[in-house]
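Visitor: This note's numbering applies: residue 763 is where the sequence shown begins, and numbers increase by one.
C-beta: ideal position from N, C-alpha, C; glycine also.
None of the values given here were measured: they were computed from a predicted structure.
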Amino acid sequence: MDWSKVLANIPPQAKEAEVCTQFVPHLLEALGFSEKERLPQFSTGAGNDCVDFAARKNTSDDVFLFTRNEPDLLIEVKGRFTNAGGAINLTENSHQYVSTREQLKRYLLSPKCKSAHWGIITNSSHIQLFRCHDKVVTPATECIELTEENITSVVNHIKNLIEDTPRCLTVCVYNNKGGVGKTTTTINLAATLVTQKKKVLLVDFDSQRDLTKSLGLEPSSVKLSECLTDNSLDIRSAIIPFKLTQKSGKSNKVYRVFDVIPADHGMEAFTHQTQSRIQKGAARLRDLLKPFANEYDYIFIDCPTQWLFFSKSGVYAADAILIPTRHNDLSSLQNAARVIQEFILNDVKKIRQDGGPIALPIFFNGSPADGRSIDMAQKEIEQVIATAKTVDKINLVPYFFPKIKPGDMNKTVFNLPDYAVVASSAFARVPAVYKHKKVLEYYLALAREYFLNE
Ligand SMILES: Nc1ncnc2c1ncn2[C@@H]1O[C@H](COP(=O)(O)OP(=O)(O)O)[C@@H](O)[C@H]1O
Ligand SMILES: [Mg+2]
């Protein structure tokens, strides 16, 4: 592909129609899609919505051009200029970038696009690849400004990513506040996803070992703390299956619920010195988990509260961060804002340089159904949002009030009710969702809100 020729042919003030004819066909070809593997104006199945392009590799008896179903990649195209002549700026966080990204997200979750794992936004000056896993859309690259010099490597990088779709989404459950339900959420959400046929791995990355203990597990002979420092060890050997026994008639059937990499005592002894011996520091856990990208549907990482080595590692290793808060705990709301603003969007995202990780909207863990206390929490959140807006020029609305849309000031925050069985089941070494139908319903609602795209 002679990209310099292609780029030279795109008018500097190209409208969307020109980007569609002069740029996107070349892009799709370079990404490995033949003419019979792509369609313009693909109907998403949501009203009259159409995404500009859809693509999928053909199989021997299924030609995408003819069957027009199960797309794998969607491309939402913008011009360099609008038809009215205004410049379209797709630089990350510009107004037009945000609206285009949200448009792509909506398409990726539309009825006829549920098969799509990938989405691109581009106006031929900028390009960004997103990945869609069940309901979660995460950036797979940064939003990159295309130049004659970088376009070949950028397109190759995107091609390599979409040709190797990972099976797994890695989620870190984190808030910089203790007792908000990080460990409880990790265990019960994982156990719930198992009931929905997902294969799940849990990583206890908290030296207090709450998760490991509440499942009644002991580390294997190869320990997580050793794997961090010793590159020759095989992390797979650190996995312990969490099993439960089911009564079926007169016999008992033992089944594997999910896999766990338990925390071990070696982690307690992690001094500053040990940590500095770990190659790549807080980036090490992400590398350690790479071999599991095609083995699990979800990996959940449980972290301690303090923003130190373990939590930094967990957030760095994740595609998405799920943030539990308490509606009646002001600092859990303020700390959530800090996690999003400082730790995720500033610290980790800058070092990762692949556009990730993302923060999922916060939820209230263990709140009563009464409206008054929820109202008070909403007022606090409004304060937190206002401060972030004036002091830091950051829009936290989507992270706290994700249901707010133009013309609809819906300030509902997802609420996981308080339920005594949840707290007591840790003593029984069984996730609460398996002890009580009601609890399973609660966590299934959480799984549907954030993850499952049914
Ligand atoms: N939805 C809930 N209903 C009742 N108790 C809960 C709920 N979520 C968490 N808890 C309890 O709250 C306490 C703190 O939860 P935990 O998961 O240990 O928090 P963290 O990991 O954030 O420190 C635990 O005793 C736990 O059993
Ligand atoms: Mg915990």
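Count the other CB atoms within 10 Å of the CB of G848; is the residue buried (16 or more) or exposed (fewer)?
Guide: Label assigned to G848: exposed.
Visitor: Does any heavy atom of ligand 1 sit closer than 7 Å to the C-beta of Y1195?
Guide: Checking the displayed sequence, the identity of residue 1195 turns out to be Val instead of Tyr. Every heavy atom of ligand 1 is 7 Å or more from the Cβ of V1195, so no.
Visitor: Between the Cα of K1173 and those of V1192, K1199, A1150 and E1144, spot the shortest distance and give me the residue it belongs to.
Guide: For the residues V1192, K1199, A1150 and E1144, the minimum Cα distance to K1173 belongs to E1144.
Visitor: Taking 5 Å as the limit, tell me which residues put their C-beta closer than that to any heavy atom of ligand 2, in chain order.
Guide: Selection output, chain order preserved: K944, T945 and D972.
Visitor: Leaving out five residues before and five after E904 in sequence, what residues of the same chain have Cβ atoms less than 8 Å from its Cβ?
Guide: So the list reads E854, Q890, Q1115, D1116 and G1117, once near-sequence residues are dropped.
Visitor: Indicate whether E799 and R818 have their beta-carbon atoms separated by less than 8 Å.
Guide: Cβ distance < 8 Å, so E799 and R818 count as in contact.
Visitor: Can you tell me where the alpha helix (DSSP H) with P1160 in it begins and where it stops?
Guide: V1159 to F1162 is the extent of the alpha helix (DSSP H) around P1160.
Visitor: Measure the alpha-carbon distance for Q1103 versus W1069 and round it to whole angstroms.
Guide: Distance between the alpha carbons of Q1103 and W1069: 13 Å.
Visitor: Could you tell me whether any non-hydrogen atom of ligand 1 is closer than 7 Å to the CB of G1128?
Guide: Yes, the Cβ of G1128 comes within 7 Å of a heavy atom of ligand 1.
Visitor: Please go through the same chain and pick out, in chain order, the residues whose beta-carbon is closer than 7 Å to the beta-carbon of V1019, but skip the five residues on each side of it.
Guide: Contacts found: A953, V956, F1004, K1005 and L1006.
Visitor: Suppose only complete runs of 4+ residues qualify. What are the alpha helix (DSSP H) ranges in the stretch 1020 to 1076, listed by chain order?
Guide: With a minimum length of 4 residues, the continuous alpha helix (DSSP H) runs that stay inside the stretch 1020 to 1076 are 1034 to 1039 and 1046 to 1051.
Visitor: Between which two residues does the beta strand (DSSP E) holding N1097 run?
Guide: Counting along the chain, N1097 falls outside any beta strand (DSSP E), though it belongs to the alpha helix (DSSP H) covering L1092 to R1100.
Visitor: Classify H1027: buried if its beta carbon has 16 or more other beta carbons within 10 angstroms, exposed otherwise.
Guide: So H1027 counts as exposed.
Visitor: Rounded to whole angstroms, what is the Cα-Cα separation between K1042 and Q775?
Guide: Distance between the alpha carbons of K1042 and Q775 is about 44 Å.
Visitor: With C-beta atoms as the reference, is V935 less than 8 Å away from T927?
Guide: Against a cut-off of 8 Å, the Cβ pair of T927 and V935 comes out as no contact.
Visitor: Answer yes or no: do Y932 and D1059 have a C-beta to C-beta separation smaller than 8 Å?
Guide: In the sequence as presented, Tyr is not what sits at residue 932; that position holds Thr. No. Outside cutoff.
Visitor: Identify whether C782 lies in helix, strand or coil by the three-state DSSP scheme.
Guide: Reduced to three states, the DSSP call for C782 is helix.
Visitor: Just verifying my parser: in three-state terms, what is the DSSP assignment at G807?
Guide: Coil at G807, not helix or strand.
Visitor: Could you check how far apart the C-beta atoms of K944 and C1065 are, in whole angstroms? I think they sit under 8 Å.
Guide: Right, their Cβ atoms sit about 7 Å apart.
Visitor: Which whole-angstrom value describes the C-beta separation of T1087 and N1127, a residue pair presumed to lie in contact below a C-beta threshold of 8 Å?
Guide: Rounded, the Cβ-Cβ distance is 7 Å, consistent with contact.
Visitor: Within the present structure, is the beta-carbon of L1107 separated from the nearest heavy atom of ligand 1 by less than 7 Å?
Guide: Every heavy atom of ligand 1 is 7 Å or more from the Cβ of L1107, so no.
Visitor: Answer with buried or exposed for T1152, where buried requires no fewer than 16 other C-beta atoms within 10 angstroms of its C-beta.
Guide: Exposed, because fewer than 16 other Cβ atoms sit within 10 Å of the Cβ of T1152.
Visitor: Looking at A952 and ligand 1, is the gap between the Cβ and the nearest heavy atom below 7 Å?
Guide: Not so, every heavy atom of ligand 1 lies at least 7 Å from the Cβ.
Visitor: Does ligand 1 have even one heavy atom less than 7 Å from the beta-carbon of A1190?
Guide: No, since every heavy atom of ligand 1 falls outside the 7 Å radius drawn around the Cβ of A1190.
Visitor: In chain order, what are the residue ranges of uninterrupted beta strand (DSSP E) at least 3 long that sit wholly in the stretch 937 to 1007?
Guide: Within the stretch 937 to 1007, the complete beta strand (DSSP E) runs of at least 3 residues are 962 to 966.
Visitor: Could you give the residue range of the beta strand (DSSP E) that holds F1126?
Guide: From DSSP, the beta strand (DSSP E) with F1126 extends over F1125 to S1129.
Visitor: The alpha helix (DSSP H) with Q1140 in it runs from where to where?
Guide: Looking at the DSSP string, the run of the alpha helix (DSSP H) that includes Q1140 is G1133 to V1153.
Visitor: With the cut-off set at 8 Å, would you say L951 and Y1205 are in Cβ contact?
Guide: Result yes, Cβ atoms of L951 and Y1205 sit closer than 8 Å.
Visitor: When you compare the CB positions of G841 and V899, do they come within less than 8 Å of one another, or not?
Guide: No, the pair does not count as a contact, with Cβ atoms beyond the cut-off.
Visitor: Less than 8 Å between the C-beta atoms of F785 and S856, yes or no?
Guide: Against a cut-off of 8 Å, the Cβ pair of S856 and F785 comes out as no contact.
Visitor: Going by beta-carbon coordinates alone, are S1075 and A1044 separated by less than 8 Å?
Guide: In this structure, A1044 lies closer than 8 Å to S1075 by Cβ.
Visitor: Use the C-beta contact count for Y1017: other C-beta atoms within 10 angstroms, 16 or more gives buried, fewer gives exposed.
Guide: Answer is exposed; the Cβ neighbour count stays below 16.
Visitor: Just to confirm the assignment, what range does the alpha helix (DSSP H) spanning L829 have?
Guide: Correcting the residue identity first, residue 829 is Thr in this sequence and not Leu. Per DSSP, T829 belongs to the alpha helix (DSSP H) from F826 to T829.
Visitor: Just how far apart, CA to CA, sit L990 and S1094?
Guide: If I take the Cα positions, the gap works out to 30 Å.
Visitor: Could you pull the start and end residues of the alpha helix (DSSP H) that Q865 belongs to?
Guide: First-last of the alpha helix (DSSP H) with Q865: H857 to L870.
Visitor: When you compare each of I1085, N993, D1021 and K1012 to L1050 by their alpha carbons, which one comes out closest?
Guide: Selected option, being the one with the closest Cα: N993.
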